[in-house]
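Going down the list, the sequences are from chains V and R.
With the first letter of the first sequence counted as 1, position 23 gets the number 262 in our numbering; the numbers rise by one all the way through.
With the first letter of the second sequence counted as 1, position 152 gets the number 148 in our numbering; the numbers rise by one all the way through.
Read the structure below first, then the notes.
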Amino acid sequence: MTGTAAIEAAALGKRFGRRGGWALRDCAFRLPAGRVCAVVGPNGAGKSTLLALAAGLLAPTEGAISVLGTVPGAARERVAYVAQDKPLYPQLTVAETLRMGADLNTDRWDASVAQRVVADGDLNPKSRIRTLSGGQCTRVALALALAKRPELLLLDEPMADLDPLARHEMMGLLMAQAAEFGTTIVMSSHVVAELEDSCDHLLLIGGGRVRLAGEIDELLAAHVRVSAPAQTALEPHPVVESRTTGRQLSALLRPSTPLDTDWHTSKPSLEELVLSYLRNPEASAIETPETAA
Amino acid sequence: MTALATPPALTGRRTAAPHLLRWLVRLHRPALLVWAGFVLVLGALLIWVGGPLTDAAVEGWKHYHACAAGGCVYDPSAVGRYKDWYTYTTIAVLAVPFLIAAWSGATLTSRELENGTAQLAWTQSVSPARWLAAKLALPAVLVTVGSGLLVGLHHWAWSAGQGRLDSAKDWYDIGTYAANGPATAAMALAGLVSGAFWGLFKRNSLASLVGSLFSTAFLWSVMAIATPHLWPTVTKLSSLKNTVPSGSGIVVDQGLVTSTGAHIANPHCGSTDWAQCQTLYAKLDAVSYYNDYHPQSHYWPLQLTATAIILAVTAALAVATFRLLERQTGTVNSRKAAAI
């Protein structure tokens, strides 16, 4: 796909402090516009750093990142971001918080959207933010983000504080937003299962690097789970993970040629795919063609 | 879902700039009310000190002088009350820069960065630089107006007693000198900016509070030490018949002048009326006292030079604060990236 990428990174790296470790290094990927993208990876993998870089909150130490075809700072009006801990001003009420959104986003603010999101959660507009539960704060933060009518919505662990019902409801809200306005949504999580049904694009970050990037369907189609007798040679197929239990070998492959018909094959689930890559840091990173930066 | 559509209804609405003022007032309402209350109360006290209290103390002194001849009981309470309240209000005016520095250091930028609410503001349609500019501009106006009013009223309250009150403070009394002049108002601005700087630098309320207070105290001390040297002094020679060198004001250097014109240290003996001292001065070959000092006519040159220096430091600190923010949030780097 040509056209504007929602996010494009080249050799992107971020180090905190001069002697600190790299939170993110050598990141290169391209996220096409209009996708719902899951950013997955273990804790401390660099997901939050990547989202903060895209939101224009941090300066990259090296490399470059562009958002909606420009530098993150210039796209501020068209990008919404909800941080992991859902920061809000505790001393303001819900209504005042939404008025802040209207004051600071004069050109794009859609008050009816904000009101609807808040009202759906049975929130009293006069409640102070400091009296709200974590899930209620998430709802207010999402109301701020959605009412801005963003072209790109960056959500860092958006569902962590929500109960299953609210989670389901919020996901519905986000999907409706994506469908109605073509908003690109990027959400990070370390719970893969949570994102499998709603996302069509995956960015797997591990150890500060991009391990896997592409359309989820294509990534799943490119991998095969294989069961074969032990000592079977798996070459020339690139092996992501292989394990021998007794006389049985099970492996996750990325077949480069048609597979041996004797082998028992099955389609991996997204979670299996992600876990295999995370357990095997030495497996080479792959990107589907259209996401290669 | 692949098409990137901007809702057409929004394109015609590109109009107003963000209402930063409304947002800031709502955000800092408690601090705003406290500052307004502080200025009002202290302002009222200063008017009270310069008006009724001064008048009562003048009456008190009249009584004292009338009673000096004997025959009546003198009541010192009015004079004492004036002295006490004058001291309290002077201290309160001098505390203003530190109060501002503490507030600014603890909350203005540090707490927002600590809580992530600064990042919340930056991901609305407000750039970090604009956010900081707004966060500094509104308090700067209020601090300038408030502290300017307070030093103005202090000056008035002090001058109300001049020539009428025997116990009125001299213009060069250190507390009075500082609380009377615009340098203290400028120092309050320096405190405000230093708080913003430390907040961005440490991103932690407590560290920023401490840093802000220390740097304001440091600047205050440096200016206190430097002030006498900010304007050329006047040298006054006076007869050794006097107990001390004559000429009152901010003294920079005092001593004895010898017959060759050399300046030597003052042995603090006293008047030549004492034979002992006369012998000592003769031995030292001293012919007169000298006094390098600032007379009252130097009050404004000294105050204004100090104010200008403090404002220049404040401006430099403000530039450094914006640079720091730019470096942290990538305005500089992204410009570089855009050039690639």
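Glycine residues also receive a C-beta, built at the ideal position from the N, C-alpha and C atoms.
From a predicted model like this one, the values you see are computed outputs, not experimental measurements.
Return the first residue and the last residue of the beta strand (DSSP E) that residue i is part of.
| i | result |
| --- | --- |
| residue 481(V) | 478 to 484 |
| residue 287(R) | 282 to 290 |
| residue 442(V) | 440 to 445 |
| residue 232(R) | 230 to 234 |
| residue 451(V) | 448 to 454 |
| residue 423(V) | 423 to 428 |
DSSP state of residue i, grouped into three classes?
| i | result |
| --- | --- |
| residue 244(R) | coil |
| residue 253(V) | strand |
| residue 147(R) | helix |
| residue 84(R) | helix |
| residue 493(V) | coil |
| residue 320(V) | strand |
| residue 198(R) | helix |
| residue 59(R) | helix |
| residue 32(R) | helix |
| residue 37(R) | helix |
| residue 14(R) | coil |
| residue 299(V) | coil |
| residue 249(R) | strand |
| residue 274(R) | helix |
| residue 309(V) | strand |
| residue 69(R) | coil |
| residue 333(R) | Here residue 333(R) scores only 45 on pLDDT, less than 50, and its place in the model is too uncertain to base an answer on. |
| residue 187(R) | helix |
| residue 218(R) | helix |
| residue 275(V) | strand |
| residue 225(R) | helix |
| residue 158(R) | coil |
| residue 50(R) | helix |
| residue 508(V) | coil |
Terminal residues of the continuous alpha helix (DSSP H) containing residue i?
| i | result |
| --- | --- |
| residue 305(R) | 295 to 325 |
| residue 415(V) | 403 to 420 |
| residue 398(V) | Premise fails: residue 398(V) is in no alpha helix (DSSP H) and is neither H nor E. |
| residue 280(V) | Residue 280(V) -> no alpha helix (DSSP H), and no H or E assigned at all. |
| residue 358(V) | 350 to 359 |
| residue 379(V) | 373 to 386 |
| residue 106(R) | 106 to 111 |
| residue 285(V) | No alpha helix (DSSP H) holds residue 285(V); DSSP gives it neither H nor E. |
| residue 347(V) | Note, residue 347(V): premise wrong, no alpha helix (DSSP H); not H, not E. |
| residue 435(V) | 432 to 435 |
| residue 173(R) | 170 to 176 |
Which residue or residues does DSSP assign as beta-bridge partners of residue i?
| i | result |
| --- | --- |
| residue 268(V) | 248(V) |
| residue 96(R) | Partner(s): none; residue 96(R) has no beta bridge. |
| residue 255(R) | In DSSP, residue 255(R) forms no bridge with anything. |
| residue 263(V) | 253(V) |
| residue 501(V) | Beta-bridge pairing links residue 501(V) to no other residue. |
| residue 332(V) | 367(V) |
| residue 467(V) | 488(V) |
| residue 128(R) | Bridge partners of residue 128(R): none, in fact. |
| residue 304(V) | 248(V) |
| residue 392(V) | 319(V), 424(V) |
| residue 260(R) | 252(R) |
Should residue i be labelled buried (16 or more other beta-carbon atoms within 10 Å of its own) or exposed?
| i | result |
| --- | --- |
| residue 75(R) | buried |
| residue 237(R) | exposed |
| residue 176(R) | buried |
| residue 57(R) | buried |
| residue 214(R) | exposed |
| residue 184(R) | buried |
| residue 438(V) | buried |
| residue 120(R) | buried |
| residue 165(R) | buried |
| residue 276(V) | buried |
| residue 264(R) | exposed |
| residue 376(V) | buried |
| residue 289(R) | buried |
| residue 256(R) | exposed |
| residue 279(R) | exposed |
Regarding residue i and the ligand ZN, is the C-beta to nearest heavy atom distance less than 7 Å?
| i | result |
| --- | --- |
| residue 22(R) | Although the ligand ZN was asked about, the structure shown includes no ligands whatsoever. |
Could you tell me whether the stretch 325 to 342 of chain V touches the stretch 293 to 309 of chain V, where touching means 3 or more Cβ pairs closer than 8 Å? no
Is the number of C-beta pairs between the stretch 377 to 394 of chain V and the stretch 333 to 347 of chain V that are closer than 8 Å three or more? Yes: at least three Cβ pairs fall under 8 Å.
Inter-stretch contact (C-beta, 8 Å, three-pair minimum) for the stretch 182 to 196 of chain R and the stretch 114 to 132 of chain R: yes
Contact the stretch 219 to 234 of chain R vs the stretch 297 to 307 of chain R: 3+ CB pairs below 8 Å: Verdict: yes, contact present.
Taking 8 Å as the cut-off, does the stretch 281 to 289 of chain V touch the stretch 423 to 432 of chain V (at least 3 CB pairs, one atom from each stretch)? Result yes; three or more Cβ-Cβ pairs closer than 8 Å.
Can you find at least 3 beta carbon pairs, one from the stretch 194 to 212 of chain R and one from the stretch 102 to 113 of chain R, that sit closer than 8 Å? yes
Please determine if the stretch 261 to 279 of chain R and the stretch 313 to 320 of chain R are in contact, where contact requires at least 3 C-beta pairs separated by less than 8 Å. no
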